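One structure below.
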């Protein structure tokens, strides 16, 4: 008698594996919960504040580094530096954004503006008040100044401009806003020379661009970097800050401050600051 | 013969009495003989000890060693004045010390680098900020143990427990937020976002701007109804209603505000702005800025004296104390304490007539008589005195 052949039934384990795989497939199509708080915060910031249009849904399955790689090159993730020396009080660390302040004779002065920090405006005011007699001409060295605090750059430019002067157009997600000088003090009157090079960037370009736009300063040196975006800083997790691009700055009339960076009024490759500007009595004023 | 004996006896009696009295008066007082709440407690960071000063005589009456490498940051008496509670930053510990005996009763393990703290009014619990791992230790002071270690902060720097002891406000220096904790359960009730770092345009942010300067301290009004939190990056003070834990107002003040200091009568909050060397005066009734005072650099503290009629603004950067009249907001005088001195924090005596100010770089405490604005140095208090506190102080104690 031949054996009865019954149709094979799937093994329960095999069925279980198939069901699990099916579940993963279905689950993969749905939005998975974001379990990483840093990633959740990053996606939230992109959704709410990022300047450029991006499909946030397409980013949700990616890791934080993968997401960052898809954003603009000016958006950074920065590791937090924590100085734990006991010799300072947090918040009181010397900033050092103004350096090499010196008189050049003939009523001229020089200083190096290393970066735009939190106290740069106050430090600059102090540096200028230390010159006796007061200056009639000032060279501000912005070479290698990679930028920094955007609002400080505007406030510094205001020092040399009348109240109410338009400074820059800020373009964010909500649209464009014209920024004005809001200070009430009379503007400083020194003849200004701004020294630039290829590493002058960002807030330094904004500062120089605003003053040149108002014909308030002469730019000398080499063309600048051409970075015009502005970032907002957010604490992403215990170890990282997110600098997210949320805007860009333009000249008050909407044109860029230089198409590919600022072009100096006068090329100069040397290193002799005293040759950059003539003593005061011999030179025409570059007032507004 | 009898006459000689009598004469000798009388002579001996006369001579021995002063000697006896001298012996009695030479018997040293112990701390138990003092009003502990009136004593000035100085924490010396580098000599790892506590110095106790008697304000009645401006003399050092005790030094309490805390153990090698303790590097204590903040010390204050508990509510009944009998115990010192101390953050031992160098050893990642919290200490409870009997003030009279000087014995360390409890050594409690905390997170990394504990600095500032506050305690509930009953003295039972302390909330300690561990700056290096950004945690908060909840300490049972009586039992001498850590009950909880709460995560999720960013350099928890400032602590204020409500007068009813129900909640504690914790400000993060490394973020723009104040957290609200339930003091019984340690549960995080709310996180309040305050201020921001502003806009940055930099090609290389790692070089100069890879940190946030957030909130040093959430300062409570005298009745505890509001907390004033100054955000350094944003240049604002947020006023938090502690009944609802909502921000009811945000005031733009000066550049890089440090923290708010409340006047003893509760009427004013003074905020030094270290970015522009001014002090903003806020009326707590109207919640408006009523004056902007010009002071010094690196202002680390404000003490009120003479019933709150004078405010002493400590400028670490200028080695100077700026004295203001709180009726006219005029500058009364500048007290140049010395040259290149790092003035730290101070405490006001209970009667409001004196201020004791730590000066770290010359190991001294300066006693300022608020009646005359005369200054006296108390030298060699210990190495690198960092702060002074007085339990019954007429002006709120603080640390930096």
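Chains as they are written, first to last, in the numbering used here: chain D, 1 to 288; chain H, 1 to 400.
No residue lacks a Cβ here, since even glycine has one placed at the ideal position from N, Cα and C.
All values derive from a computational prediction rather than experimental measurement.
Using CA atoms only, rank isn't needed, just tell me which of 244/D, 190/D, 251/D and 230/D is closest to residue 68/D.
Answer by Cα proximity: 244/D.
Hey, does residue 68/H have any beta-carbon neighbour from chain D nearer than 8 Å?
Contact with chain D is absent for residue 68/H, since none of that chain's Cβ atoms lies less than 8 Å from the residue's Cβ.
Reduced DSSP category for residue 52/D - H, G, I as helix; E, B as strand; rest coil
Note: residue 52/D maps to coil in three-state DSSP.
With DSSP run on the structure shown, which of helix, strand or coil describes residue 27/D?
Because residue 27/D sits at a pLDDT of 48, beneath the cut-off of 50, its placement in the model cannot be relied upon, and the point is left open.
Does the segment 76 to 94 of chain H come close enough to the segment 107 to 117 of chain H that 3 or more CB-CB pairs lie under 8 Å?
The segment 107 to 117 of chain H, when compared against the segment 76 to 94 of chain H, does touch it at the 8 Å Cβ threshold.
Which residues does DSSP list as the beta-bridge partners of residue 257/H?
Residue 257/H is bridged by DSSP to 273/H.
State the CB to CB distance for the pair residue 233/H and residue 198/H, rounded to an integer number of angstroms; the pair is presumed to be in contact (CB under 8 Å).
Indeed, because the Cβ distance is near 6 Å, the residues count as touching under 8 Å.
List, in order along the chain, the chain D residues whose C-beta lies closer than 9 Å to that of residue 254/H?
Contact of residue 254/H with chain D by beta-carbon distance below 9 Å is absent, the smallest such distance being about 10 Å.
To which residues of the same chain is residue 153/D closer than 6 Å at the C-beta, ignoring the five residues directly before and after it?
Cβ within range, chain order: 116, 203, 206 and 207.
Tell whether a beta-carbon distance below 8 Å holds between residue 320/H and residue 296/H.
Between residue 320/H and residue 296/H, the gap from beta carbon to beta carbon is short of 8 Å.
Assumed close pair residue 241/D, residue 78/D - CB separation to whole angstroms, cut-off 8 Å:
5 Å between Cβ atoms; contact.
Could you tell me whether the Cβ of residue 175/H comes closer than 8 Å to any Cβ of chain D?
Yes, because at least one Cβ of chain D sits closer than 8 Å to the Cβ of residue 175/H.
Within chain H, partners of residue 232/D - CB distance below 9 Å
Chain H residues near residue 232/D: 196, 197, 198, 199 and 200.
Could you name the residues of chain D that residue 134/H contacts, counting a contact when the two beta carbons are closer than 9 Å?
Going along chain D in sequence order, the residues near residue 134/H (Cβ under 9 Å) are 238.
Return the residue from the list 361/H, 350/H and 364/H that minimises the CA-CA distance to residue 56/H.
The shortest Cα separation from residue 56/H among 361/H, 350/H and 364/H belongs to 350/H.
Can the beta-carbon of residue 387/H be found closer than 8 Å to that of residue 339/H?
Contact: no.
Name the chain H residues that come within less than 7 Å of residue 122/D, Cβ to Cβ?
Close to residue 122/D, with beta-carbon spacing below 7 Å, are these residues of chain H in chain order: 255, 275 and 276.
Members of the segment 115 to 141 of chain H near chain D, C-beta cut-off 7 Å:
Taking a C-beta cut-off of 7 Å against chain D, the contacting residues of the segment 115 to 141 of chain H are 132 and 134, listed in chain order.
Quick one: Cα of residue 28/D to Cα of residue 266/D, how far?
Its pLDDT being 48, under 50, residue 28/D is placed unreliably in this model, and the value from its coordinates should be taken loosely. Cα-Cα distance, rounded: 60 Å.
Mind reading off the beta-carbon distance from residue 222/D to residue 198/D? Whole number of angstroms is fine, and I expect it under 8 Å.
Contact between residue 222/D and residue 198/D holds, with the beta-carbon distance rounding to 5 Å and staying under 8 Å.
Outcome for residue 275/D when other beta-carbon atoms lying within 10 angstroms are tallied against a minimum of 16:
When all chains shown are included, residue 275/D counts as exposed.
Closer than 8 Å, Cβ to Cβ, to anything on chain D: give me those residues from the segment 149 to 172 of chain H, in chain order.
Taking 8 Å as the cut-off between beta carbons, the residues of the segment 149 to 172 of chain H near chain D are 154, 155 and 157, in sequence order.
Which runs of the beta strand (DSSP E) spanning at least 3 residues fall entirely within the segment 60 to 100 of chain H, listed in chain order?
Segments of the beta strand (DSSP E) lying fully in the segment 60 to 100 of chain H: 72 to 77, 83 to 88 and 93 to 98.
If you follow the beta strand (DSSP E) that residue 114/D is part of, which residue opens it and which one closes it?
Judged by DSSP secondary structure, residue 114/D falls outside any beta strand (DSSP E); it is assigned neither H nor E.
In terms of DSSP beta bridges, what is residue 149/H paired with?
Residue pairing from DSSP places residue 149/H in a beta bridge opposite 137/H.
Against residue 205/H, what residues of chain D qualify as contacts under a CB-to-CB distance less than 9 Å, listed in chain order?
Under the 9 Å cutoff, chain D gives 76, 78, 146, 147, 148, 231, 233, 241 and 243.
Quick one: Cα of residue 210/D to Cα of residue 367/H, how far?
Distance between residue 210/D and residue 367/H, taken at the CA atoms: about 51 Å.
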